[in-house]
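Engineer:
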Amino acid sequence: MQSGPPGGSGPAEPGPRLRGLRGAHPAASASSLSGAGAEAGCRAPAVAAVLPAGGSGERMGVPTPKQFCPILERPLISYTLQALERVPWIKDIVVAVTGENMEAMKRITQRYQHERVSLVESGVTRHRSIFNGLKALAEDQPNCRLSKPEVVIIHDAVRPFVEEDVLLKVVTAAKEHGCSDYDLEFGTECLHLALKYCHIKAKLVEGSPDLWKVTYKRDLYAAESIIKERISQQICVVMDTKEDEAHVGHRLEEMLKNELNQVKVTSGRDLQQIILEQCYSFVCVNVMTSDFEETQILLNMLEERNLSILYPVVVISVHFLDYKSVPFGQKMENLMQIREFAKEVKKRNILLYGLLIYYPQDEQKLQESLRQGATIIAAIIKERNPGLIGQLLVA
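Just so you know, we're using the working numbering here: the sequence shown kicks off at 940 and counts up by one.
(1) How big is the Cα-Cα spacing for Ala963 and Lys1167?
(2) Count the C-beta pairs between the segment 1062-1072 and the segment 1020-1029 that are closer than 8 Å, then say yes if the count reaches three, no if not.
(3) For the beta strand (DSSP E) containing Gly1072, name the first residue and the last one.
(4) Going residue by residue through the segment 1015-1074, where are the continuous alpha helix (DSSP H) segments of at least 4 residues, counting only ones entirely within it?
(5) Taking the alpha carbon of Leu1327 as the point to measure from, which residue in Ile1319, Gln1311, Tyr1297 has its own alpha carbon closest?
(6) Straight-line CA distance for Arg1084 to Val1034?
(7) Please report how far the alpha carbon of Ser1164 lies from the alpha carbon of Cys1175, in whole angstroms.
(8) What are the partner residues of Val1222, as DSSP defines its beta bridges?
(9) Under 7 Å, do Ile1289 and Val1252 count as touching if we go by C-beta distance?
(10) Could you give the distance in angstroms between the alpha-carbon of Tyr1018 and the alpha-carbon of Glu1216?
(11) How big is the Cα-Cα spacing for Pro1088 and Gly993?
(12) Going by beta carbon distance, what residues of the same chain come within less than 6 Å of Arg1244, once the five residues before and after it are set aside?
(13) Leu1331 to Lys1005, Cα distance in whole Å?
(14) Going by C-alpha distance, which of Gly1072, Val1097, Phe1221 is nearest Val1091?
(15) When you compare only the Cα positions, how much space is there between Asp1301 and Asp1261?
(16) Give the straight-line distance between the Cα atoms of Tyr1160 and Thr1154, rounded to the nearest whole angstrom.
(17) Can you tell me whether Lys1095 is buried or exposed, with buried defined as 16 or more other CB within 10 angstroms of its CB?
(18) Could you check the C-alpha separation between Val1222 and Lys1321 for me, to the nearest Å?
(19) To the nearest angstrom, how far is it from the Cα of Arg1013 to the Cα of Met1041?
(20) Comparing alpha-carbon positions, which option in Ala1077, Val1097, Arg1050, Pro1002 lies nearest Pro991?
(21) If we cut at 7 Å on Cβ distances, does Thr1111 have a partner in chain D?
(22) Report the partner residues of Pro1009 according to the DSSP bridge assignment.
(23) Do you know whose CA, among Ser1057, Tyr1051, Arg1310, lies nearest Leu1195's CA?
(24) Secondary structure at Arg958, three-state DSSP: helix, strand or coil?
(25) If we count the other Cβ atoms within 10 Å of its Cβ and call it buried at 16 or more, is Ser995 buried or exposed?
(26) Pull up the DSSP beta-bridge partners for Ile1093, would you.
(27) With a Cβ-Cβ cutoff of 7 Å, do Met1178 and Val1224 count as a contact?
(28) Using DSSP with H/G/I as helix, E/B as strand and the rest coil, what is His964?
(29) Tell me where the beta strand (DSSP E) around Leu1191 begins and ends.
(30) Thinking Phe1259 and Val1187 are a contact (beta carbons under 8 Å), I'd like their distance in whole angstroms, please.
(31) Taking the alpha-carbon positions, what's the Leu1305 to Tyr1297 distance?
(32) Anyone know if the C-beta pair for Glu1060 and Gly1038 falls short of 7 Å?
(33) Out of Val1001, Glu1193, Ala985, which one is the CA nearest neighbour of Ile1029?
(34) Alpha carbons only, please: which of Gly1293, Leu1106, Arg1287 is nearest the one belonging to Gln1276?
(35) Report buried or exposed for Asn1077, applying the criterion of at least 16 other Cβ atoms within 10 angstroms of its Cβ.
(36) In this structure, what does DSSP give as the bridge partners for Tyr1292?
Have a look at this one:
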């Protein structure tokens, strides 16, 4: 597969693999592979993947191997594993890692619940690491949980944005065993090795623009920007559904839609369903009679569903202050509990921010406050800056 430059169309859709593919039922993906097999006149092949992850990452210029470098506080290789695990017809994924990093890799698979992953020790070269992974798949021992596949996808541990359609093309090409002299002339060294040792003319499959490799430190920043952009594409505004439609919270929602015209902004009529749909940005509007009740309910639900295993969840707790009826000092004292909540939920990868909007009687001033509030919310969700958590921002 060929790679493209950073800044392509972005990663595969985010979301915990435990809940399947976003926007498609897992069976649909499996049936697409079955259909491809039927068109080729054969049944769908058994597919596995091998990830060589024994490199030292010298070109990155950091002491940590690049496959373990954090992006949004999560190791890079976990994103790659997530992309492969999201494909239901890939049965097993074997990661070849050095002995000194074996325990760290085990902790990653446990922490991020990568259940289809097996580990083997890497070799002194990339090709030796691939060989060790293939050998583990070929053993097919009675007590081994790995089954011998018909097709094995070799994928770099530091290409986190691979998508299913490319993987499907690779598997289909592997079953068809077709190529041209052009592939061998301008392909990678792996194509030549396949011809030399297996007498198979391998086929070169064109990759998508986002199938690029994290090699240098700047690539980590590019990957982080892409991931932030993708997980910020949906915002859920949570409000007490008994509130009147003319409530100021609904006006803030409309401002948000104007501010973020490329982002899906929805109201939280069914919070359970929204969490299942893997929204990672929440704006919680607290009613005038309570200081933190709606936000606390939301935080409890997010923690119960463990939504933040893979990506940081942003929660912006919005409070309206009518300074004519409530003393400013009293309201601020009540709202300072946001700091304590923020410290606690940060341990669970939930970033909590506070936003205080003045609720004056003057319509023009109210409109300006709502507009400023929408701008602040948009900036927080886009940047997801942990340095501001627990702060009470004022619009």
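Ideal Cβ placement from N, Cα and C applies to all residues, glycine included.
Since we're looking at a predicted model, the values are computed, not measured.
Structural biologist: Quick look at the numbers:
(1) Low confidence applies here, because Ala963 scores a pLDDT of 40, under 50, leaving its location unreliable; read the following figure in that light. CA-CA distance, Ala963 to Lys1167, rounds to 22 Å.
(2) These segments do not touch.
(3) For Gly1072, no beta strand (DSSP E) segment is defined; the enclosing uninterrupted segment is the alpha helix (DSSP H) at 1065-1078.
(4) Counting only runs of 4 or more, we get 1015-1024, 1041-1050.
(5) Closest by alpha carbon: Ile1319.
(6) Here the alpha carbon of Arg1084 sits roughly 15 Å from the alpha carbon of Val1034.
(7) Rounded to the nearest angstrom, the two C-alpha atoms are 21 Å apart.
(8) The partner list for Val1222 (beta bridge, DSSP) reads Val1176, Ile1255.
(9) Contact annotation: Ile1289 and Val1252 have beta-carbon atoms nearer than 7 Å.
(10) The straight-line gap from Cα to Cα measures roughly 19 Å.
(11) In a straight line, the C-alpha of Pro1088 is about 23 Å away from that of Gly993.
(12) If the five residues before and after Arg1244 are omitted, its C-beta is found closer than 6 Å to the C-beta atoms of Ile1214, all from its own chain and listed in chain order.
(13) Cα-Cα distance, rounded: 36 Å.
(14) Val1091 has its Cα closest to that of Gly1072, out of Gly1072, Val1097, Phe1221.
(15) Asp1301 and Asp1261 have their C-alpha atoms roughly 11 Å apart.
(16) A direct Cα-Cα distance of roughly 11 Å separates Tyr1160 from Thr1154.
(17) For the sequence presented, residue 1095 should be read as Asp rather than Lys. Residue environment analysis places Asp1095 among the buried positions, since at least 16 neighbouring C-beta atoms fall within 10 angstroms of its C-beta.
(18) Val1222 and Lys1321 have their C-alpha atoms roughly 13 Å apart.
(19) Near 17 Å, if we compare the C-alpha coordinates of Met1041 and Arg1013.
(20) Of the candidates Ala1077, Val1097, Arg1050, Pro1002, the residue whose Cα lies closest to the Cα of Pro991 is Val1097.
(21) Reference to chain D is not applicable here, since this structure consists of a single protein chain.
(22) Answer is Pro1014.
(23) Considering only alpha carbons, the answer is Arg1310.
(24) Since pLDDT at Arg958 reaches only 34, below the 50 mark, its modelled position is unreliable, and no value is offered.
(25) Around the beta carbon of Ser995, fewer than 16 other beta carbons sit within 10 angstroms, so the residue counts as exposed.
(26) Val989, per the DSSP bridge assignment.
(27) Yes, the Cβ-Cβ distance between Met1178 and Val1224 is below 7 Å.
(28) Reliability fails at His964, whose pLDDT of 42 lies under 50, so the model's placement of it is uncertain and the value that follows must be treated cautiously. Of the three classes helix, strand and coil, the one that applies to His964 here is coil, per DSSP.
(29) Looking at the DSSP string, Leu1191 is not in any beta strand (DSSP E); the run it does join, the alpha helix (DSSP H), is 1187-1198.
(30) Phe1259 to Val1187, Cβ: 6 Å. Contact.
(31) Each residue's alpha carbon lies about 7 Å from the other.
(32) Less than 7 Å separates the beta-carbon of Glu1060 from that of Gly1038.
(33) Ranking Val1001, Glu1193, Ala985 by Cα distance to Ile1029 puts Ala985 first.
(34) Cα-wise, what sits closest to Gln1276 is Gly1293.
(35) Rather than Asn, the amino acid found at residue 1077 in this sequence is Ala. Ala1077 is exposed by the Cβ-count criterion.
(36) Answer is Ile1255.
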